[in-house]
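The sequence shown: position 161 = 677 (this note's numbering), numbered continuously. Have a look at the structure below, then the notes.
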Amino acid sequence: MRASRLTSVLASLLLIGAATPASAAAPGGAYAGLDECPLTSAVMMDPANLQVGCVRSVTNSGSITIGSTTVEFDSPITVQFGVYWPAGAPVREFPDGSVANVYSTVLAPGGRTLVARPLEVTVPGIVNFLPGVTSVFAQVELAGPITEFIPLATGANAPVFVLPIKLKLSNALFGSRCYIGSDTNPIRFRPTTGTTSPPAPNRPVTGDPGTLNIVADPNGYQTLGVGFTGATLVDNAYAVPKATGCGLIPGSLDPLINLAFGLPSAAGRNAVTFSANDTAFAVSPSLDDLNQALAAS
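In structure tokens, the structure reads:
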């Protein structure tokens, strides 16, 4: 089933109920990979929540472009977190008049919300013959909570979530505090499977919602398993701030790095593509039901 507009499909399947706490077990079957879900978080256990769930999204390829520099992803990037639909029942209305739930998120335990290996970045104008000296390793780090998670935005011209990140740059001369972006001034990805609306000179690009699979719980629980496979999420409308803290004397190399990479880089000159993306989403009207469904899987 194609994941075009899912509102009519999922809205009829996602029930609303109260949440009660329960213990979690390592999930399997349709819920495999959701073992990092923060099921014991206080906000997940709030009985006022209308829905709770777990999300795991793995990007297997893609790229990030900052100005004229493009780096291909050479290993998977995993984003995983818990979600809850609070008592206020926030929704987002789309141009066609349909609405979708806006979920709040909860970070995975142990700092494992965003898991990625460092990317090797060649420095413009320098021949790379010694990695880490004539090149830079960029580690993608989370720079704040993931917000505005709207799974029903899949297939629409709207972001599925907002992901704030910062890039830690490592090099023999860069020191330990060299970053592009920060917790207070992050790079904000707003990836969509629809079509972007970037400022010039970038042009609109279109993602791909992939294939949708909806699985009722095999043991009769109210939890619903939703899977998206082979999706492509795109964003080419974000800005990138200056580098800070770079050099053995922190800040001494900031001007050189900013010059080399063209920082700050205004919106309309950057792009990110998350390709071959597979996402698992388990959602229930009850935390107790979700726990039992995961444990029984």
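Positions of the beta carbon are idealized from the N, C-alpha and C atoms, including for glycine. Values in this document were obtained by computation on a predicted structure and should not be read as measured data.
Just so you know, the alpha carbons of G544 and D551 end up roughly 9 Å apart. Apart from sequence neighbours up to five positions away, the residues of its chain that approach P717 with a beta-carbon distance below 8 Å are G784 and R785, ordered along the chain. Apart from the 5 residues on each side of it in sequence, N576 sits with its Cβ closer than 6 Å to the Cβ of P592 and A792 in its chain, given in chain order. Listed as beta-bridge partners of T722 by DSSP are T711. Bridge partners of Y619 according to DSSP: F665. In this structure, A672 sits away from F589, with a CB-CB distance that is not shorter than 7 Å.
A residue is called buried when at least 16 other Cβ atoms come within 10 angstroms of its Cβ; A605 does not meet this threshold and is exposed. Taken in chain order, the complete beta strand (DSSP E) segments of 3 or more residues contained in the segment 567-620 are 567-582, 585-588, 593-601, 607-609 and 615-617. Beta-bridge annotation (DSSP): F705 is paired with L679.
Ranking S781, D751 and W601 by CA distance to the CA of G578 puts D751 first.
The three-state reading of DSSP puts N774 in helix, counting H, G and I together. About 30 Å separates the beta carbons of V622 and F653, which is beyond the 8 Å limit, so they are not a contact pair.
With fewer than 16 other CB atoms across the displayed protein chains lying within 10 angstroms of its CB, V615 is exposed.
Using a Cβ distance threshold of 7 Å, A753 and T708 do not count as a contacting pair. Nearest neighbour of F790 by Cα position, chosen from V574, G691, G626 and N617, turns out to be V574. At the C-beta level, F705 and L728 stay beyond 7 Å of one another. For the pair V559 and F797, the Cα-to-Cα distance works out to about 18 Å. In the DSSP annotation of this structure, Q738 is not part of any beta strand (DSSP E), being labelled neither H nor E. Its chain contains A812 as the residues whose beta carbon lies nearer than 6 Å to that of N735, once the 5 sequence neighbours on both sides are disregarded; these appear in chain order.
In the DSSP assignment, L658 falls within the unbroken beta strand (DSSP E) covering S651 to L658. Put simply, the segment 563-571 does not touch the segment 753-763. Fewer than three CB pairs are less than 8 Å apart. DSSP places N793 within a strand segment (E or B) once states are collapsed to three. Of the other Cβ atoms in all chains shown, 16 or more fall within 10 Å of the Cβ of S781; this residue is therefore buried. Less than 7 Å divides the Cβ of P602 from the Cβ of S620.
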